[in-house]
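In the numbering used here, the protein residues as written are 5 to 344.
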């Protein structure tokens, strides 16, 4: 059994962590949740100790893993403090604001024989897993281009923003998901091109990015996102020499969570038939095919299961240190285009 505690009792902890750690009852025990605020709009869960004293976590020898689920600009300090108190650490995204901070945390963890990792739950998104399945099938032939879109229509957010900060930028908050997906599947690119913008002008928040990653041969992977997309672009479009796969709809786990429809329901996060992606290709005989692809099942608890195996069974970490460092180096380079 892995006994864990959370630093932070907000939306991230209650929506994107607890439903999935609590699901693994044979592997994980959630013991304590710390928050500086004595009040919270989130209902308390029976059997969990809620506290405003962080030493209830640091001084508890039973707690093996601490999850840092707080604003991005606090991640580095809290993760370092936790490691110095000889606890393993899981850190919400973005892991840190700089690659130098990330390297320091990884070095400290290695020195103390502890686990530290970023919570990259979207490696277990249904749309991403389904796209991997199609690519791995080989039916598309040699890959030429992959487009990944993570669009919103929330103009009120950049319109009300009058300040820019790295940790709260749209790039750091959202590209960390899609960049990690690309790095986990395709590895390190040979070349990159970044376009990071403030659509409302200087002084406003970053609200748009378009990142191009170039790989061996003709393959280009594009990551695009905007706060001003009234109609979202497809989540994934994959072009190969023999065909194309289009997955319009995103993973449904977040949608269900926002409606407080939790993983204890059998159909939680499952795509409906109308959400399935469309695969169009020519077979080896030149025959045209167009078919729906049944979506893979997304499940964020798989990240917690992998972390359990890494700490308890000494298996490989789900997210490699070098993958996190590469991602942060790319974000650091891209964010330099923003004018404060």
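Just so it is clear, CB atoms sit at the ideal spot from N, CA and C, and this is done for glycine as well.
In this text, all values refer to a predicted model and were calculated from it rather than measured experimentally.
Could you name the residues of the same chain whose beta carbon sits closer than 7 Å to that of residue i, not counting the 5 residues immediately before and after it, in chain order?
{"i": "residue 216", "result": "196, 197, 224 and 226"}
{"i": "residue 170", "result": "101, 176 and 339"}
{"i": "residue 19", "result": "261"}
{"i": "residue 220", "result": "194"}
{"i": "residue 128", "result": "302, 303, 304, 306 and 307"}
{"i": "residue 190", "result": "219 and 225"}
{"i": "residue 259", "result": "none"}
Which term fits residue i, buried or exposed, when burial requires 16 or more other beta carbons within 10 angstroms of its beta carbon?
{"i": "residue 40", "result": "exposed"}
{"i": "residue 158", "result": "exposed"}
{"i": "residue 155", "result": "buried"}
{"i": "residue 5", "result": "exposed"}
{"i": "residue 49", "result": "exposed"}
{"i": "residue 13", "result": "buried"}
{"i": "residue 328", "result": "buried"}
{"i": "residue 330", "result": "buried"}
{"i": "residue 211", "result": "buried"}
{"i": "residue 269", "result": "exposed"}
{"i": "residue 17", "result": "buried"}
{"i": "residue 234", "result": "exposed"}
{"i": "residue 264", "result": "exposed"}
{"i": "residue 228", "result": "buried"}
{"i": "residue 273", "result": "buried"}
{"i": "residue 230", "result": "buried"}
{"i": "residue 61", "result": "buried"}
{"i": "residue 222", "result": "exposed"}
{"i": "residue 47", "result": "exposed"}
{"i": "residue 185", "result": "buried"}
{"i": "residue 162", "result": "buried"}
For residue i, which beta-bridge partners are listed by DSSP?
{"i": "residue 55", "result": "38"}
{"i": "residue 9", "result": "36 and 70"}
{"i": "residue 317", "result": "DSSP lists no partner for residue 317."}
{"i": "residue 153", "result": "228"}
{"i": "residue 147", "result": "244"}
Just to confirm my understanding: we take residue i, look at its own chain, exclude 5 residues before and 5 after, and list those with CB closer than 6 Å. What are they?
{"i": "residue 254", "result": "131 and 239"}
{"i": "residue 299", "result": "130, 134, 275 and 280"}
{"i": "residue 110", "result": "325"}
{"i": "residue 319", "result": "313"}
{"i": "residue 24", "result": "304, 305 and 308"}
{"i": "residue 95", "result": "72, 79, 83 and 122"}
Report all residues from its chain with a CB closer than 8 Å to the CB of residue i; omit the five preceding and five following residues, and keep chain order.
{"i": "residue 309", "result": "28 and 31"}
{"i": "residue 335", "result": "98, 175, 176, 179, 180 and 183"}
{"i": "residue 138", "result": "144, 242, 249, 281, 283 and 297"}
Can you check which of these residues, the options, is closest to residue i by C-alpha distance?
{"i": "residue 59", "options": "71, 25, 143 and 38", "result": "38"}
{"i": "residue 3", "options": "229, 270 and 93", "result": "As displayed, the chain neither begins before 5 nor continues past 344, which places residue 3 out of reach and without an answer."}
{"i": "residue 353", "options": "335, 140 and 320", "result": "Residue 353 is absent from the structure shown; the chain starts at 5 and stops at 344."}
{"i": "residue 251", "options": "234, 262 and 284", "result": "284"}
{"i": "residue 1", "options": "263, 200, 209 and 333", "result": "What is shown of the chain runs 5 to 344, which leaves residue 1 out entirely."}
{"i": "residue 4", "options": "48, 143, 86 and 47", "result": "Shown here, the chain extends from 5 to 344; a query on residue 4 therefore has no answer."}
{"i": "residue 57", "options": "10, 45, 188 and 95", "result": "10"}
{"i": "residue 113", "options": "36, 89 and 291", "result": "89"}
{"i": "residue 294", "options": "259, 288, 267 and 247", "result": "247"}
{"i": "residue 45", "options": "15, 136 and 289", "result": "15"}
{"i": "residue 36", "options": "47, 7, 81 and 24", "result": "7"}
{"i": "residue 323", "options": "257, 270, 187 and 214", "result": "187"}
{"i": "residue 136", "options": "228, 152, 332 and 123", "result": "152"}
{"i": "residue 286", "options": "245, 267 and 256", "result": "245"}
{"i": "residue 315", "options": "55, 51 and 91", "result": "91"}
{"i": "residue 333", "options": "63, 62, 68 and 106", "result": "106"}
{"i": "residue 22", "options": "185, 259 and 266", "result": "266"}
{"i": "residue 117", "options": "74, 62 and 68", "result": "68"}
{"i": "residue 34", "options": "341, 147 and 52", "result": "52"}
{"i": "residue 321", "options": "124, 103 and 205", "result": "124"}
{"i": "residue 204", "options": "256, 104 and 160", "result": "160"}
{"i": "residue 199", "options": "42, 341 and 163", "result": "341"}
{"i": "residue 256", "options": "337, 206, 126 and 207", "result": "126"}
So, is the C-beta of residue i closer than 8 Å to a C-beta in chain C?
{"i": "residue 320", "result": "Of the chains in the structure shown, none is chain C; there is only one protein chain."}
Measuring only from the beta carbon, is residue i closer than 7 Å to any heavy atom that is part of the ligand HEM?
{"i": "residue 127", "result": "As far as ligands go, the structure on display features none, and thus does not contain the ligand HEM."}
>> Please give me, in chain order, every unbroken run of the beta strand (DSSP E) with length at least 3 that falls completely inside the stretch 234-313.
In response: Unbroken beta strand (DSSP E) runs of no fewer than 3 residues, entirely contained in the stretch 234-313, are found at 240-244, 247-251, 281-286 and 292-297, following chain order.
> Which runs of the beta strand (DSSP E), 3 residues or longer, sit entirely within the stretch 181-241?
Replying inline: You should have 195-201, 212-218 and 224-230.
>> Runs of 4 residues minimum, wholly inside the stretch 56-139: which ones carry the alpha helix (DSSP H) assignment?
In response: Counting whole runs of 4 or more residues, the stretch 56-139 contains the alpha helix (DSSP H) stretches 59-62, 79-88 and 103-115.
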